[in-house]
Each structure stands twice: as C-alpha cells, then as structure tokens.
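Residue numbers (the working numbering): 1312 to 1690.
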Ligand SMILES: *[C@@H]1O[C@H](CO)[C@@H](O)[C@H](O)[C@H]1NC(C)=O
Ligand SMILES: *[C@@H]1O[C@H](CO)[C@@H](O)[C@H](O)[C@H]1NC(C)=O
C-alpha cells in the first residue's frame, strides 16, 4: 500500500503546515477583531450589570455613571415590567432582551411603546435623573453644575429633554452601561454575544442572601415579587420564597457564564461585601474589565462617597459614612428563624459565593465570627 512513503510523508507535512497556518491566521484575525483588550478598541463597550434587588447595584451603577465616557441607564426594564405587571419574569425576559439590545445601540424607539406618554420626554422614564449624561451639558444646561450632579435639580430642570435627544446623546459616549435586576437567566442573553453590533460584557453583582432578605423588608417590592413568582403557582408571596427564586437565579447565571464559550473573558462576578470593604481595589478591577480608566478625580470621588454620609434624595441609593459597616446590619437585627429559612433556601448560592451559615442565634449575633469567606474567589 505505502509504495512511496517519502511522498506521503511530504504530503502529510505540507497539509499539517497549511492546517497550522490557517489556525494561526484564524486566531490572529479573531484576536485582533474580537478580543475585548485589543487596540484600537471597538467603537463601543456594552456593559450589563446583573444583580438582584437590594444588593448594592444602585451604588455600583453610580460608580460607572460618574465616568465621563459612560452613558448609564438605571433599570431599563422597569417600564416594561410595569406595563406587563400581569406577566411573569420568564415571559418578560424576551421583550427585555430586545429592549436592552436597542438601548445598547442607542436606539430608544421601543420606549415609545412602553412609556406612558408615548416616549416623548425623558421624564417619562422614572429613573432618568440617574443618568448623569441627561443632567449635564450639552444635553441639559438648564442648571449650573456644582461638583458632581444634583438629581433633584436634574428632575426639575431637565425633564423636557426629548427621548430622541437621549438617543443622540447616548451615541456620543464610548461606553453604554445598564444595570438590571430583571434578568434571572443569562442564557436568554446568549444571542447578544454573537451580535456584531455589540461588545457585551456581564458584571454580576451578588450579595449575602440574608442581608438581601433583611433589606427587602424595608422596601415595597410587592409588584416585582408578584411578577417574579408568577410562574411558581398561586402560593402566598413570602420573603423566603422570593429569596429561593433569586438565589437559584444567581447560581444559574454563574453556571451559564462558566459553560458558555461566548462568555469567556466577558463575565466578572463581584460580591457587594468586597466592594464595600475595599472599594478602590474592586472598582479598579471592574473598570479594567470594562476598559475604563480610573482618574485621580474619580478616585477622590470614590473616597468621598465611601467615607462620608451623602444624603440621598429618593431613598434608592444610600452611601454611608463608612461603607464597610453597611452590609452587616442583618447580623444584629434579623429574626433568626428567617435567617435559618434563607440559609436553607439559598444553600447552593451561599456555598458558591462564599457565605457561611450561622448555626445559632448566638453565632448570628457574634460579630467577631466572620460569615463571609474572605478567601473566596470564583476562579
Ligand atoms: C416642561 O414642559 C412643560 C409643558 O409641557 C412646562 O410647563 C414646563 O415648564 C417645562 N419645564 C421646563 C423645566 O422646561
Ligand atoms: C471630595 O470631598 C472634598 C471635601 O469635602 C471636596 O472638596 C472635593 O471636591 C470632593 N471631591 C470629589 C471629586 O467629589
């Protein structure tokens, strides 16, 4: 059969060489066009902050909102959920995915359908004043800027900016950042990673489920909870049932991120507690992930907002005198029976994200016992 081995061998070598060359060229081109870290950068970076209610995502969102290259949108899915309050979160994932894609590309047209006044003015968006770019020149020059921006003044003076102007403003920024608590299944978003118009990255913010459950008691989230549990049958809505669903979603999001090839290098998880304990270090990591530079000015701002009381006008965002103490109020004030229930319902999430159970009320209240695993890392 092998009448002339050298000839076959030569043919084999040439094939191998061509094959290797084609692989090399393939990767070379794909690295230079698709890698998030290549230079020159793609026109835009699209960062989606995925989190859950009362997990510190408003604070994290503000960290991006304050960067000069960022166009930030707070809870874009809010008008959608409140239009379709009779549906479940699973149903709403699909129009929300479409809305996110549109807004990432600065196309505001879906909002004409979802907003109460036909989407003419930004004031129809409940949280438009959370978008710094809508409160500052050139988009709104109606009031004088002191340092930072003033939400109340923005609400008062910038309300008549048209939604179409919002789209135009968005286009002048290199980064579009949105944060949402309304995506509970990351696999819904997988098609967006194949979309040539997007350079999508996911920042997943998690928090100790016991602290979330404790904080939820002080907010009326009944409408959200109804949508969240719509598909779980007609049982009474309780904190522990809501937390069970939320915890499962956080575990699932992380699982999809680990297995989906398109998400490699495009997913970063961060814990609220680490962000509170070491804000600067973690903000640097997040900015790096998003391809943003942390200026000395921003560094000063971060120091300011994490070290002194900053009055908040609408209760959505609270900064503290010392942000490292905020996450642990549940330790002294939460009912131990609820702690136990949450620990049961969220066991998988707690193991995955490095939160240790309190075995008794004594352990819960013993603040020298650290229930957040400091050595935690997903890698
Ligand atoms: C916004 O428009 C309304 C009328 O549509 C007007 O009454 C109001 O004064 C305007 N506000 C500002 C700040 O321009
Ligand atoms: C930080 O706080 C100091 C003192 O209150 C103030 O002078 C400075 O302008 C603030 N810097 C930023 C960037 O917020």
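Where a beta carbon is used, it is the ideal one built from N, C-alpha and C, also for glycine.
Below 8 Å on the Cβ atoms is my guess for residue i versus residue j; work out the distance and round it to an integer in Å.
i: residue 1460; j: residue 1480; result: At roughly 14 Å, the Cβ-Cβ gap does not stay under 8 Å, so residue 1460 and residue 1480 are not in contact.
i: residue 1567; j: residue 1497; result: 4 Å
i: residue 1443; j: residue 1376; result: 5 Å
i: residue 1571; j: residue 1509; result: Actually they are not in contact, since the Cβ atoms of residue 1571 and residue 1509 sit about 15 Å apart, beyond 8 Å.
i: residue 1643; j: residue 1676; result: 6 Å
i: residue 1515; j: residue 1361; result: 5 Å
i: residue 1371; j: residue 1586; result: 7 Å
i: residue 1439; j: residue 1513; result: Not really, about 24 Å apart at Cβ, beyond 8 Å.
i: residue 1310; j: residue 1420; result: The chain is shown only over 1312 to 1690; residue 1310 falls outside these bounds and no answer can be derived.
i: residue 1536; j: residue 1548; result: 5 Å
Nearest-angstrom Cα distance between residue i and residue j?
i: residue 1379; j: residue 1429; result: 30 Å
i: residue 1693; j: residue 1609; result: Because the chain in this structure spans residues 1312 to 1690, residue 1693 falls outside the shown range and cannot be described.
i: residue 1488; j: residue 1673; result: 42 Å
i: residue 1530; j: residue 1550; result: 12 Å
i: residue 1679; j: residue 1403; result: 43 Å
i: residue 1582; j: residue 1598; result: 15 Å
i: residue 1688; j: residue 1477; result: 39 Å
i: residue 1721; j: residue 1584; result: The requested residue 1721 does not occur in the structure, where the chain is confined to residues 1312 to 1690.
i: residue 1684; j: residue 1452; result: 47 Å
i: residue 1659; j: residue 1373; result: 30 Å
i: residue 1651; j: residue 1686; result: 24 Å
i: residue 1352; j: residue 1482; result: Its pLDDT being 42, under 50, residue 1352 is placed unreliably in this model, and the coordinates cannot settle the point.
i: residue 1670; j: residue 1538; result: 33 Å
i: residue 1588; j: residue 1507; result: 38 Å
i: residue 1700; j: residue 1467; result: It is not possible to answer for residue 1700, since the shown part of the chain is limited to 1312 through 1690.
i: residue 1641; j: residue 1384; result: 30 Å
i: residue 1415; j: residue 1540; result: 28 Å
i: residue 1405; j: residue 1544; result: 21 Å
i: residue 1657; j: residue 1667; result: 11 Å
i: residue 1709; j: residue 1464; result: No information on residue 1709 is available, as it lies outside the stretch 1312 to 1690 that the chain covers here.
i: residue 1604; j: residue 1611; result: 14 Å
i: residue 1528; j: residue 1649; result: 11 Å
i: residue 1411; j: residue 1422; result: 11 Å
i: residue 1575; j: residue 1418; result: 27 Å
i: residue 1615; j: residue 1437; result: 27 Å
i: residue 1511; j: residue 1569; result: 16 Å
i: residue 1368; j: residue 1505; result: 26 Å
i: residue 1341; j: residue 1413; result: Note that residue 1341 scores a pLDDT of 37, beneath 50, so its modelled location is shaky and nothing firm can be said.
i: residue 1499; j: residue 1580; result: 18 Å
i: residue 1525; j: residue 1445; result: 33 Å
i: residue 1494; j: residue 1639; result: 26 Å
i: residue 1394; j: residue 1441; result: 21 Å
Considering only their Cβ atoms, is the gap separating residue j from residue i smaller than 8 Å?
i: residue 1408; j: residue 1532; result: no
i: residue 1520; j: residue 1558; result: yes
i: residue 1601; j: residue 1358; result: yes
i: residue 1386; j: residue 1556; result: no
i: residue 1553; j: residue 1484; result: no
i: residue 1364; j: residue 1492; result: yes
i: residue 1645; j: residue 1654; result: no
i: residue 1486; j: residue 1613; result: no
Does the beta-carbon of residue i, which I'm using as the reference point, lie nearer than 7 Å to any heavy atom of ligand 1?
i: residue 1470; result: yes
i: residue 1453; result: yes
Counting Cβ pairs, one atom from each stretch, are 3 or more of them under 8 Å apart for the segment 1430-1443 and the segment 1467-1474?
yes
For the 8 Å Cβ check, are there 3 or more pairs between the segment 1393-1400 and the segment 1561-1574?
By the Cβ criterion, the segment 1393-1400 is not in contact with the segment 1561-1574, since fewer than three pairs of Cβ atoms, one from each stretch, lie closer than 8 Å.
Evaluate the contact criterion for the segment 1414-1428 versus the segment 1376-1393: three or more CB pairs, one atom per stretch, below 8 Å.
yes
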